[in-house]
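Colleague:
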């Protein structure tokens, strides 16, 4: 009873601490458990729905050499900070939005990975074909809205990616096997 | 006369204070180590659970530390400082009809006290007794107003004797 009375007399401090702990430790946790960009491949998906964590777990089952983490984010993740979005390695974008982000992409045309696949004018490799209703990683990404067929989606390499040397000449090629897995994952 | 303050009390209170402070530091360090371990064992599959767990441990440990720091460690320090003041202070004696009031008053950055009204020669004085030492006086008064001999310093009762009014 006395303990409850004591707590009640300082309830505002306990609530303030809870709020601070959630914010502060949430931020520290994210900061500490994250890894350097050189050790991480980041994928952004702009689709009606995406099981980002499950897709990342699946992709991490065959981690490229030198990579410790694969992050998958929906576009809403970049709502307050565009830097992660602009520096990403791979993007899954609907065909109608591809032109909007053209400057952020490095063309994949000419890559062995693109052979036998449809390549968009912006240089993305088709990952989802609306007419067929199937696509890469479609168990994790909902490409078509409920009741609709949607549109084609393309996989792009980021122009600032440090894991796509084959398309922009910087860093390593760790994003390529990840892109291949995304394209072929069923 | 029943003395409420003994010369050995400050030493006892200091030892209790040091033990409580050590417990607070242990809890804080333990929580921090636990949170670091949660970070170390985090992977993509368990990241959400680990984050939730570490926030919960961080918040709960903080609550315990705030509580113990305020109501145990600080209270023991205030108690020791008050005891030292009382032992060093000059006492005055009075004989009055004493009644203990209900409820406890917590003095900011000091001890919690019980209030007494002491009526002597038609004049009523307000006196205080340390809450931790009030139990014996309360038991002796038995919830009634009784004639007592008191020693007081700075408005605090330091010793008492209840007179037997029905010999």
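Residue numbers (this note's numbering), protein chains in the order written: chain A, 2 to 187; chain B, 763 to 929. Backbone N, C-alpha and C define an ideal beta-carbon position, used for all residues, glycine too.
1. Using beta-carbon positions only, say whether residue 93/A and residue 46/A come within less than 8 Å of one another.
2. Relative to the C-alpha of residue 136/A, which residue among 124/A, 119/A, 123/A is closest?
3. Of all the residues that make up the segment 9-34 of chain A, which are near chain B by a beta-carbon distance shorter than 7 Å?
4. Taking only three categories from DSSP, how would you classify residue 112/A?
5. Tell me residue 922/B's beta-bridge partners as DSSP assigns them.
6. Opposite residue 106/A in the DSSP bridges: which residues?
7. Please state whether DSSP places residue 127/A in a helix, a strand or coil.
8. Rounding to the nearest angstrom, what Cα-Cα distance links residue 833/B and residue 913/B in this structure?
9. Rounded to the nearest angstrom, what separates residue 877/B and residue 777/B at their Cα positions?
10. What residue range does the alpha helix (DSSP H) around residue 788/B cover?
11. DSSP beta-bridge partners for residue 70/A?
12. Which residue wins for smallest C-alpha separation from residue 785/B, given the options 917/B, 829/B, 867/B, 819/B?
13. DSSP three-state call for residue 140/A: helix, strand or coil?
14. Let me know the beta strand (DSSP E) ranges lying completely inside the segment 828-857 of chain B, each 3 residues or longer, listed in chain order.
15. Please decide whether residue 874/B counts as near chain A, where near means a Cβ-Cβ distance under 8 Å.
16. Using a cut-off of 9 Å between C-beta atoms, extract the partners of residue 70/A located in chain B.
17. On a Cα-Cα basis, can you pick out the residue from 20/A, 71/A, 25/A, 179/A that is closest to residue 36/A?
18. Just to confirm my understanding: we take residue 922/B, look at its own chain, exclude 5 residues before and 5 after, and list those with CB closer than 6 Å. What are they?
19. Could you give the distance in angstroms between the alpha-carbon of residue 174/A and the alpha-carbon of residue 62/A?
20. Quick check on residue 866/B: does DSSP put it in helix, strand or coil?
21. Please find out if some non-hydrogen atom of the ligand MN comes closer than 7 Å to the beta-carbon of residue 38/A.
22. Would you kindly check if the distance between the Cβ of residue 176/A and the Cβ of residue 164/A is under 8 Å?
23. Would a check of beta-carbon distances place residue 66/A closer than 8 Å to chain D?
24. Buried or exposed: where does residue 780/B fall if 16 or more other Cβ atoms within 10 Å of its Cβ makes it buried?
25. So the alpha helix (DSSP H) residue 892/B belongs to, where does it begin and stop?
26. Tell me which same chain residues have a C-beta within less than 7 Å of the C-beta of residue 895/B, skipping the five on either side of it?
27. Counting only the same chain and skipping the five closest in sequence on each side, list residues whose C-beta sits under 8 Å from that of residue 804/B.
28. Take the Cβ of residue 862/B as the centre, count every other Cβ of all protein chains shown within 10 Å, and call the residue buried at 16 or more, exposed below.
29. Taking residue 816/B as the query, report the chain A residues whose CB atoms sit under 8 Å from its CB, ordered along the chain.
30. So, does the CB of residue 103/A fall closer than 8 Å to a CB anywhere in chain B?
31. Quick check on residue 821/B - is its C-beta less than 8 Å from some C-beta in chain A?
Modeller: Taking the structure as given:
1. Yes, these two residues count as a Cβ contact at 8 Å.
2. 119/A
3. 11, 14, 15, 18, 19, 22, 23, 26, 27, 30, 33, 34
4. In this structure, residue 112/A counts as coil in the three-state DSSP scheme.
5. 764/B, 912/B
6. 159/A
7. strand
8. 28 Å
9. 28 Å
10. 771-802
11. 41/A
12. 829/B
13. coil
14. Counting only runs of 3+ residues, no beta strand (DSSP E) is found wholly inside the segment 828-857 of chain B.
15. no
16. Chain B residues near residue 70/A: 805, 806.
17. Out of 20/A, 71/A, 25/A, 179/A, 71/A has the C-alpha closest to the C-alpha of residue 36/A.
18. 764, 899, 910, 912
19. Answer to the nearest angstrom: the Cα atoms are 18 Å apart.
20. Of the three classes helix, strand and coil, the one that applies to residue 866/B here is strand, per DSSP.
21. The ligand MN is absent from the structure shown, which contains no ligands of any kind.
22. Cβ distance < 8 Å, so residue 164/A and residue 176/A count as in contact.
23. Of the protein chains in the structure, A and B, none is chain D.
24. exposed
25. Unbroken run through residue 892/B is the beta strand (DSSP E), 885-892; no alpha helix (DSSP H).
26. 766
27. When the five nearest sequence neighbours on each side are left out, the beta carbons in the same chain lying within less than 8 Å of the beta carbon of residue 804/B are those of 812, 813, in order along the chain.
28. With at least 16 other beta carbons inside 10 angstroms of its own, residue 862/B counts as buried.
29. Within chain A, the residues whose beta carbon sits less than 8 Å from that of residue 816/B are 26, 30, listed in sequence order.
30. no
31. yes
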